[in-house]
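Chains as they are written, first to last, in the working numbering: chain A, 1 to 331; chain B, 332 to 662; chain C, 663 to 993; chain D, 994 to 1324.
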């Protein structure tokens, strides 16, 4: 349930409502809006009796929330969320392109690619330092050394950094170096990690599991926000189906579906979905056309030598064309 | 295998090659191109010995075909196929929009909707006269009376007509009235119907089964073309997955995948995939952006009274906006 | 809706009810039971007003049917259906094993395999004469010559024959030679063929499409029964999923699910589901243990030379062991 | 690669091989067998040059390992693994039944159910103290208090205890109370947790993710074993498909597929797969018939009052029948 305050409600009145909600055995989370504050009741299993709340000064009305998620829902927060980091605004009109290699391999590699993607118009540099791998014997990333290189990329290029935290043990150090912390698809239902991500000070890029419904993705985001971190960017990266022409089937219907029920921004990763660079540009155009707030694209200056996922990394020339095509699409 | 003729090869030389292929126990299908003719060998299970063929006058080279399909493959036909019907060209630069109701319900309904979609820029009118239905007790369409109404729509509006043939019994009469004959998703592996569709004189719109891989769709098209009808338009309309935010998951990666391996045009049906009109416009934009050659969209002047699939039919106003958005996207 | 007659209702009373149903614009199908007759109303879209029906002499009560299917439902027919052909009873206590090659290749091959499977305890011989194939260039079966061979198998061994009809054109001749007519998975939603199958005099073996839900399978069976042929045997043969250890994922939960809502017998085809003979015996045991009424198993005297699906055909020795294991499981 | 030692190889010779492997930049893991020791080389990306290894005294041969996993593979460990805990042997002839409630709700509830399942023949008591939940607002289990109750169940009934660890923070305390530590389906690719599970002293019950292939499940087990804990029990619990008659589609083909390529025991959880108690007994029979080494079954003395998953919990009477049916099946 949502308790909507009057436009002129005071902070004391808001606190009085929260206290009453706690007396009822639940938690009250204030959701400040442009015009007025609403307070979301969480922790209840069934409907909540609203009469005592309506009697508190400053309360205008109570609104039932019909979805299993609350804090991520447009019912509780009608305006679309825009996440601002420096001058970059994710969820605003301009789509934001995040690009770079699958894994940070060396300082030289990272800086080379960063220069390329910056020149083409990317605003955020992506690169994995901690890599979740299906096999325990695969290259697991450079770890903290990779983060240090990412720090240097930011320093030299001014690009923002997005990189993945794979567990509780590296979340702190990733937070130190990254501007946006990625939670990967395989960890989308690692609730312990989601709760910790709800306690950090940086925005979270939460990737949809290849086996998750939209509701499950939104519930995962709800875990993060319910711990206090409301800066969550969602990411569609393909779902697992019988179809074998791509590694996963990119579900672009996720964009309008999420925009309909949630206020969170959502971007698209065409590279992991496709698994082949040949399809990345056209899927990127499709993503922007359906209304995605940005892209997460793999680019490598020499894909044939990439330590991981070379098949899907774009050549610099291809990335330049992709950026031009998207620019063209929007004007 | 493909036998490529020299640019100046004569018709007699082509016939000599075909005769030799028949001597080997296979069939030879000539594939005329802008520059030169190639002859596709079909019916062989394994590799074909090429030395006797190479010795025939006018033969330039032989090329192995690595895919299970041949006539639909870009290996045998490098230029993209454009299907021309009157002034409408499907597979050329301009995407072609086919729009109309799920089912023809009455002459008045059909003409009302046809006027709307024509005014907005659609070139082809869609509407089912024979409807394949999951339940034997559901409305099965008006049958031949529906076709007669479609004939009147063409006469009065000049729109081309696409409508579905559901079996051998109605294929002939559909051929009489339609400009494009649709083979529905559930019949995509009805090989008997595909063979018959290969013998008609009208282009075929072949919808991908919701459970078919791209290769299976192309093999279904191969059935049609191998019978002599090379005018096949493919249609992506969503695949069956675990994801429940839409009726089926629209697989837009099918567009670049098919364009890579086949010369056939491919359009997208966002209405059946979504199952809800709210997503049709954004999915349509995505489809055009990834490179689809057209759209198949459900529109009804009064969706709340539609006899079938009202949930996914656009209101006239929505269709007008869709057409504007697509126009905007392309310029 | 179901109109249940009193135990002592006369045929005239039953006819009066059917006539009244027709007056209401629907069809009435009598469902004779051991104790009393019920009449199923079909053709209605919404609820039916029952007062005039209840007023007719001999009517005991009316029962709403909550499922989209009616004639296949246990709500209208509580006792399990047993299909008797000669001395073979499908749907009774004893599971019935149908075995033989994927395709009939020659008289010698068919008779050799028939002798083997008969000796091991199979009651029905399977073998395709008309084969639906993904590729137009694959071996399509021996056609009517194959049926003639199957006729000889029955004559010489006394085994019943099950073989597939793939379209309207071969249904009649298949009916002439077969004891059970198979409708394959790809034709499960070929409604035109289903209607024709509802008009033949032989039992139908209806295979679940690899993309069909249980409800869709039952609706397909409803098509057949609504045309008058109530002898339908269902067959689970694996569904299409992301899992790649078998060709399709055998869904053994289909057995208890179908037994719960339908009175029809259901058997299992482990061979097509597995796609590899190594798993056929254990899946067969699983099928019998969950309660399947029989098995459809591929056996070949020399799988390495089989013209189709050799990978999944059991060697004679393996089939003998399978039959022993199943025998052991049941006693 | 596997380095197979001679039957009479000494411990010094084994150590010399391991040292040489380390010199090559890899790790060597000894796999003691009944007859002889083999040493598995892990950490290599491509083929390993074997000549220096073959030259070491005591080495009989080297065998390439063709699968991405090694320590879980039958290629490196041909005998099936049996995990012994007290008198219970998992992976031996007799299937082991683990039963109990979804969640531990109270001491009284746990002891009541434990008495029931013990009387019926279960050897292991299941019950969640830490519950991974899709919603942050759902009951998350009693936590350590739940573990204490499980400790009392073992003390009073002598049943072994299996319960889930959901993250690094509760793994230690779960290890203290449990006889078998469950890693749930959602954590199957939580590689950080898998590595920690590889360092505990108790057997691990690793559930297949509803979106994992067999290879991915085995790779997850490889993570655990590569850290030193070779006591891993796999568990099939249903995969996510389009089919909607059960919550997930139980993939019983996983049993023969895993037994073919791996030496690890595998059990089946029919309760979570079905999502409805009506199908649990027949799926349990199917699981045992295909060769599962045990079952994980939800039982509650009063399912209508269960705090979670009441729909799928068996009534005591149903569990008793299930145990009888399985007994019957095996003799």
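Just so it is clear, CB atoms sit at the ideal spot from N, CA and C, and this is done for glycine as well.
Can you pull the chain A neighbours of residue i, defined as C-beta to C-beta under 7 angstroms?
{"i": "residue 904 (chain C)", "result": "240, 241, 242"}
{"i": "residue 560 (chain B)", "result": "None at all; the shortest Cβ gap to chain A is about 25 angstroms."}
Compare the C-alpha of residue i against each of the options and name the closest.
{"i": "residue 885 (chain C)", "options": "C:733, C:717, C:692", "result": "C:733"}
{"i": "residue 782 (chain C)", "options": "C:816, C:987, C:993, C:965", "result": "C:987"}
{"i": "residue 103 (chain A)", "options": "A:248, A:83, A:133", "result": "A:133"}
{"i": "residue 78 (chain A)", "options": "A:256, A:312, A:262", "result": "A:262"}
{"i": "residue 1264 (chain D)", "options": "D:1241, D:1182, D:1298, D:1309", "result": "D:1241"}
{"i": "residue 456 (chain B)", "options": "B:630, B:662, B:658", "result": "B:630"}
{"i": "residue 814 (chain C)", "options": "C:877, C:792, C:774, C:834", "result": "C:774"}
{"i": "residue 920 (chain C)", "options": "C:802, C:953, C:698", "result": "C:953"}
{"i": "residue 58 (chain A)", "options": "A:96, A:18, A:23", "result": "A:18"}
{"i": "residue 289 (chain A)", "options": "B:613, B:513, B:475", "result": "B:613"}
{"i": "residue 1230 (chain D)", "options": "D:1014, D:1297, D:1049, D:1289", "result": "D:1289"}
{"i": "residue 935 (chain C)", "options": "C:896, C:872, C:968, C:767", "result": "C:872"}
Do you know offhand how far residue i's Cα is from residue j's?
{"i": "residue 1178 (chain D)", "j": "residue 1243 (chain D)", "result": "14 angstroms"}
{"i": "residue 994 (chain C)", "j": "residue 1235 (chain D)", "result": "Residue 994 (chain C) lies beyond the residue range present for chain C, which begins at 663 and ends at 993; the question has no answer from this structure."}
{"i": "residue 978 (chain C)", "j": "residue 760 (chain C)", "result": "14 angstroms"}
{"i": "residue 744 (chain C)", "j": "residue 777 (chain C)", "result": "27 angstroms"}
{"i": "residue 703 (chain C)", "j": "residue 1313 (chain D)", "result": "42 angstroms"}
{"i": "residue 1080 (chain D)", "j": "residue 1304 (chain D)", "result": "33 angstroms"}
{"i": "residue 421 (chain B)", "j": "residue 937 (chain C)", "result": "40 angstroms"}
{"i": "residue 308 (chain A)", "j": "residue 737 (chain C)", "result": "57 angstroms"}
{"i": "residue 1094 (chain D)", "j": "residue 1323 (chain D)", "result": "26 angstroms"}
{"i": "residue 62 (chain A)", "j": "residue 50 (chain A)", "result": "7 angstroms"}
{"i": "residue 917 (chain C)", "j": "residue 929 (chain C)", "result": "8 angstroms"}
Using a Cβ cut-off of 7 angstroms, pull out every chain D residue sitting near residue i, in sequence order please.
{"i": "residue 186 (chain A)", "result": "1182"}
{"i": "residue 977 (chain C)", "result": "Those within 7 angstroms of residue 977 (chain C) in chain D number zero; the least Cβ separation is about 17 angstroms."}
Hey, residue i and residue j are a contact pair by Cβ (cut 8 angstroms); roughly how many whole angstroms apart?
{"i": "residue 926 (chain C)", "j": "residue 883 (chain C)", "result": "6 angstroms"}
{"i": "residue 790 (chain C)", "j": "residue 826 (chain C)", "result": "5 angstroms"}
{"i": "residue 374 (chain B)", "j": "residue 357 (chain B)", "result": "4 angstroms"}
{"i": "residue 1185 (chain D)", "j": "residue 166 (chain A)", "result": "6 angstroms"}
{"i": "residue 577 (chain B)", "j": "residue 253 (chain A)", "result": "5 angstroms"}
{"i": "residue 159 (chain A)", "j": "residue 118 (chain A)", "result": "6 angstroms"}
{"i": "residue 396 (chain B)", "j": "residue 367 (chain B)", "result": "With 8 angstroms as the limit, residue 396 (chain B) and residue 367 (chain B) do not qualify as a contact, their Cβ atoms being about 17 angstroms apart."}
{"i": "residue 30 (chain A)", "j": "residue 39 (chain A)", "result": "5 angstroms"}
Find the residues of chain E that neighbour residue i, judging by a C-beta separation of less than 7 angstroms, and give them in chain order.
{"i": "residue 621 (chain B)", "result": "The chain inventory of the structure shown lacks chain E, comprising the protein chains A, B, C and D."}
Anything in chain B within Cβ reach of residue i, meaning under 8 angstroms, just list it in chain order.
{"i": "residue 249 (chain A)", "result": "570, 572, 580, 582, 584"}
{"i": "residue 329 (chain A)", "result": "620, 660"}
Taking Cβ-Cβ distances shorter than 8 angstroms, what residues in chain D pair up with residue i?
{"i": "residue 984 (chain C)", "result": "Correct list: empty, because the minimum Cβ distance to chain D is about 12 angstroms."}
{"i": "residue 908 (chain C)", "result": "1246, 1250"}
{"i": "residue 192 (chain A)", "result": "1159, 1160, 1161, 1162"}
Identify the contact partners of residue i in chain A, using a Cβ-Cβ distance below 9 angstroms as the criterion.
{"i": "residue 1128 (chain D)", "result": "68, 69, 219, 222, 223"}
So with CB distances below 7 angstroms, who are the chain C contacts of residue i?
{"i": "residue 395 (chain B)", "result": "The contacting residues do not exist; residue 395 (chain B) stays about 15 angstroms from chain C at best."}
{"i": "residue 1253 (chain D)", "result": "940"}
I want to verify the contact list: residues of chain B whose CB lies under 9 angstroms from the CB of residue i, in sequence order.
{"i": "residue 878 (chain C)", "result": "465"}
{"i": "residue 888 (chain C)", "result": "467, 468"}
Note down, in chain order, every chain C residue with its Cβ under 8 angstroms from the Cβ of residue i.
{"i": "residue 1199 (chain D)", "result": "Those do not exist, as residue 1199 (chain D) stays about 17 angstroms from chain C at its closest Cβ, beyond 8 angstroms."}
Looking at chain D, which residues of the stretch 23-51 of chain A have a Cβ within less than 7 angstroms of any of its Cβ atoms?
-> 42, 43
If you measure beta-carbon to beta-carbon, which residues of the stretch 824-850 of chain C are closer than 8 angstroms to chain B?
-> 828, 829, 830, 831, 848, 849
For the stretch 1063-1082 of chain D, which residues have a CB atom closer than 9 angstroms to at least one CB atom of chain C, in sequence order?
-> none
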